[in-house]
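Chemist:
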Amino acid sequence: MSQTPEAPKPARQRAARSPTRKRAAAAKPAAAKKAVAAKKAAPAKQTKASPEQAPTAQARTRQAPSQQRSTTMPDVQMIALGMVETRGLIGAIEAADAMVKAANVKLIGKEQIGSAYVTVMVRGDVGAVKAATDAGAAAAGRVGELVSVHVIPRPHSDVESILPQAD
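Residue 1 is where the sequence shown starts when you use UniProt numbering, and the numbers rise one by one after that.
1) Please state the DSSP three-state secondary structure of alanine 103.
2) Tell me valine 143's beta-bridge partners as DSSP assigns them.
3) Taking 6 Å as the limit between beta carbons, can you name the residues of its chain near alanine 98, skipping five residues before and five after?
4) Counting pairs of Cβ atoms below 8 Å between the segment 102 to 113 and the segment 121 to 133, do you hit three or more?
5) Identify which residue in Ile108, Gly144, Leu146 has its Cα closest to the Cα of isoleucine 79.
6) Quick test of your reading: methionine 121 and glycine 82, contact by CB under 8 Å. State the CB separation rounded to the nearest angstrom.
7) Excluding five sequence neighbours on each side, which residues of the same chain lie with their C-beta closer than 6 Å to the C-beta of glutamate 111?
8) Could you name the residues of the same chain whose beta carbon sits closer than 6 Å to that of valine 149, not counting the 5 residues immediately before and after it, in chain order?
9) If you drop the 5 nearest sequence neighbours on each side, which residues of the same chain put their C-beta closer than 8 Å to that of histidine 156?
10) So arginine 87 is in the beta strand (DSSP E); what residue range does that whole segment cover?
11) List the DSSP bridge partners of valine 118.
12) Do leucine 163 and threonine 86 have their beta-carbon atoms positioned less than 7 Å apart in this structure?
13) With a cut-off of 8 Å on the beta carbons, I'd call glycine 141 and glycine 88 a contact; round off their distance for me.
14) Can you find the residues in the same chain that come closer than 7 Å, C-beta to C-beta, to proline 153, ignoring five residues on each side of it along the sequence?
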């Protein structure tokens, strides 16, 4: 009988049995145990503010009047104009309601053009006006006929003369 030579074993199987690899694998759990023991021995951080830090912590919660969030609208040139046009007054009222509820915008007026077209206009920062007009368009489309939606990010100062004045 003749012996056939064995096929060479894959590299993974040879490496898994090597003595150096076994020692490295055994060393890892020991190092992990030492790290856990070191964390337990470390002193706990203080969570309570010391008397010297207390005024600083309170000062962070209160802001100066100049740093508080303003509820007034920014300068007219820096705010966007959003318009939703519908066919019929009910859709326009629904759009106006949805717009002022959806974002921090100010309703500046409505224009009745004729043939039952009504345009509702809002002002605010660009992101708020975009969100408001999207919500207004969806609401108007549910109850009436939506004609058009448009946002002008920074209208020119000459455009202000043809817009209704906000109260």
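We treat Cβ as the ideally placed atom computed from N, Cα and C, and that holds for glycine. Quick caveat, the model's predicted, so the values are computed rather than measured.
Modeler: Judging by the given coordinates:
1) coil
2) The partner list for valine 143 (beta bridge, DSSP) is empty, contrary to what the question assumes.
3) Ala135, Gly136, Ala139
4) yes
5) Ile108
6) 7 Å
7) Thr119
8) Val84, Thr133, Ala137
9) none
10) 80 to 87
11) Thr86, Gln112
12) no
13) That belief does not hold up - the Cβ atoms of glycine 141 and glycine 88 are roughly 12 Å apart, past 8 Å.
14) Ala80, Val126
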